[in-house]
Amino acid sequence: MTYSKIIGTGSYLPERILTNADLEKIVDTTDAWIQERTGIRQRHVVAEGETTGDMAFHAAQRAMDAAGVEPGDIDLIILGTTTPDLIFPSTASLLQHRLGLRDVGAMDVNAACTGFLYALSIADKFIKVGDARRALVIGAESITSLVDWEDRQTCVLFGDGAGAVVIEASDEPGILSTHIHANGEHAGLLGTDVGVSRGFREGEKNAGIAIQMKGNEVFKVAVRTLSRIVDETLEANGMDRSDVDWLIPHQANLRIISATGRKLGLSEDRVIVTVDRHGNTSAASVPLALDEAVRSGKIQRGETLLLEAFGGGFTWGSALVRY
Ligand code: UT7
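Note that the sequence shown covers residues 204 to 526 in the working numbering.
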């Protein structure tokens, strides 16, 4: 049996940091409210002219360096993003050229905050069936470009960044399983109400594009759904929750992360948390957290990691990984 194995991780955060104190000057909010309700203290924001592709480029290079591979070794690139540089060509296509890869398959996947797990799931399948040996999988977002800075309910939540992994075919596990899901029934609870074929609003800033979210309702569905996917993932692998060494969750809200950690019976120091410093970076949050935990030496080879995410769509997904 062929598995895919993570052989390198990388990430990138823009230089500019926006603290809660900075936000207090922009909207009617307080550092205390943001920390209590979300766990966020600060987030990184792209510089003028800096794009999703720029961040993805740096994260990908770092992942390739960590993996010890050359551009010519990569034979698939998949990028999870909701905030591509252009409508088309895909940001993955732009990256293929910029990274100096061969003319390998390149695609963007839009699954909102679950984008990286969707991308990883697809790349894993390509490797399992033998259509690729090494894949570059990235989650990158300049999600603050979709933020209405006058809306205190959303502007305090988001941040920008990118994370990447290189996965390679291996006889040993590896990625043990991936699960992806979507249900568009409640699309109106989280997303934008403008777009290419529905049209944009004339004369509005950012062509009227801004994230709209009924936070409270999303929160409840997220906690319930993530609990279900933990069960689904463990059951599919015939594993018990005590078999999981690390939870690497989507970083939307510390209260949601803690609820999932409790569900797994994991002590707090076995849950990777970056939301306090990164905010919600959408598709970038899981690979960013993974890379940080790997580079800090927390995560060791041979340990079992549960990656999970929930986001607009709704979409949700998981990956169980023997690192
Ligand atoms: O990444 C994709 C998935 N997204 C998520 O998982 C996000 C899920 N949702 C959440 O994380 C939380 O619902 C939020 C952090 C967005 C909001 O927290 P909450 O505890 O659900 O607050 P709420 O929306 O119920 O609002 C409570 C109060 C309201 O005031 P009233 O009506 O009680 O007077 C809001 O107007 O807090 C008020 N509020 C704020 N106050 C200060 C909302 N935003 C702010 C703010 N500063 N920034």
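We put the beta carbon where it would ideally sit given N, CA and C, even for glycine. As the structure is a computational prediction, the values presented were derived from the model and not from experiment.
List the residues that DSSP assigns as beta-bridge partners of residue i.
{"i": "TRP519", "result": "HIS384, PHE513"}
{"i": "TRP449", "result": "LEU508"}
{"i": "ASP374", "result": "Its beta-bridge partners do not exist; DSSP assigns none."}
{"i": "LEU491", "result": "For LEU491, which the question treats as bridged, DSSP gives no partner whatsoever."}
{"i": "TYR215", "result": "ALA365"}
{"i": "LYS331", "result": "According to DSSP, LYS331 bridges with nothing at all."}
{"i": "ILE229", "result": "Paired residues: none, contrary to the question."}
{"i": "SER207", "result": "ALA372"}
{"i": "LEU339", "result": "ILE280, VAL369"}
So residue i and residue j are in contact, right, with Cβ under 8 Å, and what is the actual spacing, rounded?
{"i": "ILE281", "j": "VAL340", "result": "5 Å"}
{"i": "SER488", "j": "HIS453", "result": "5 Å"}
{"i": "CYS316", "j": "ALA486", "result": "6 Å"}
{"i": "ARG219", "j": "HIS247", "result": "6 Å"}
{"i": "THR436", "j": "LEU509", "result": "6 Å"}
{"i": "ILE237", "j": "ILE229", "result": "So it is not a contact: roughly 12 Å between Cβ atoms."}
{"i": "HIS481", "j": "GLY362", "result": "5 Å"}
{"i": "ILE466", "j": "VAL433", "result": "With the sequence shown as reference, residue 466 is identified as Lys, and Ile is not the correct amino acid for it. With 8 Å as the limit, LYS466 and VAL433 qualify as a contact, their Cβ atoms being about 6 Å apart."}
{"i": "VAL307", "j": "ASP334", "result": "About 11 Å; that fails the 8 Å criterion."}
{"i": "SER214", "j": "ALA262", "result": "5 Å"}
Between which residues of its own chain and residue i is the CB-CB distance below 7 Å, once the five residues before and five after are set aside?
{"i": "GLY372", "result": "The amino acid at residue 372 is misidentified as Gly; the sequence shows Ala. Excluding positions up to five away in sequence, the list reads THR205, SER207, ILE330, ARG336."}
{"i": "VAL421", "result": "LEU392, LEU393"}
{"i": "VAL497", "result": "THR212"}
{"i": "MET442", "result": "none"}
Whose CA, out of the options, lies closest to the CA of residue i?
{"i": "THR212", "options": "MET267, ASP257, THR222, VAL249", "result": "MET267"}
{"i": "ILE451", "options": "ALA224, GLU495, GLY418, ASN409", "result": "GLU495"}
{"i": "ALA410", "options": "VAL397, THR284, HIS382", "result": "VAL397"}
{"i": "GLY515", "options": "GLY318, THR463, ASP443, ASP374", "result": "GLY318"}
{"i": "THR507", "options": "VAL497, VAL447, PRO217", "result": "VAL447"}
{"i": "ASN456", "options": "ARG240, ASP234, ASP225", "result": "ARG240"}
{"i": "SER345", "options": "SER445, GLY252, TYR321", "result": "GLY252"}
{"i": "ALA314", "options": "LYS423, ALA385, GLU471", "result": "ALA385"}
{"i": "THR170", "options": "LEU360, ARG301, THR294", "result": "Since the first residue shown for the chain is 204 and the last is 526, residue 170 is missing from the structure and cannot be characterised."}
{"i": "LEU429", "options": "ILE383, HIS261, ASP327", "result": "ILE383"}
{"i": "ASP479", "options": "GLY377, ILE502, ILE460", "result": "ILE460"}
{"i": "SER293", "options": "LEU304, MET310, GLY283, ARG305", "result": "MET310"}
{"i": "ASP327", "options": "SER380, GLY275, PRO490, GLY366", "result": "SER380"}
{"i": "LEU304", "options": "GLU511, HIS389, ALA338", "result": "ALA338"}
{"i": "LEU302", "options": "TRP519, MET442, ASP257", "result": "ASP257"}
{"i": "ALA250", "options": "LYS417, ALA390, THR347", "result": "THR347"}
By Cβ distance, which residues of its chain are closer than 8 Å to residue i, with the 5 residues on each side in sequence left out?
{"i": "ALA413", "result": "LEU349, VAL350, ASP351, ASP354, THR357, THR395"}
{"i": "GLY468", "result": "ARG444, SER445"}
{"i": "GLU273", "result": "MET267"}
{"i": "VAL399", "result": "ILE290"}
Looking only at its chain, what residues have a beta carbon closer than 6 Å to the beta carbon of residue i, apart from the 5 residues adjacent to it on each side?
{"i": "THR222", "result": "GLN245"}
{"i": "GLN415", "result": "none"}
{"i": "LEU216", "result": "HIS247, GLY364"}
{"i": "ASN440", "result": "LEU379, SER380, LEU523"}
Is residue i close to chain B? Criterion is C-beta to C-beta, closer than 9 Å.
{"i": "GLY342", "result": "The structure shown contains no chain B; it holds only a single protein chain."}
* Asked: Can you list, in chain order, the stretches of the alpha helix (DSSP H) that have 4 or more residues and sit fully within the region 254-324?
  -> Qualifying alpha helix (DSSP H) stretches, in chain order: 255-270, 294-301.
* Identify every run of the beta strand (DSSP E) within the region 394-452, keeping only runs that are complete inside it and at least 3 residues long; order them along the chain. => Those beta strand (DSSP E) runs which fall completely within the region 394-452 and span 3+ residues are 449-452.
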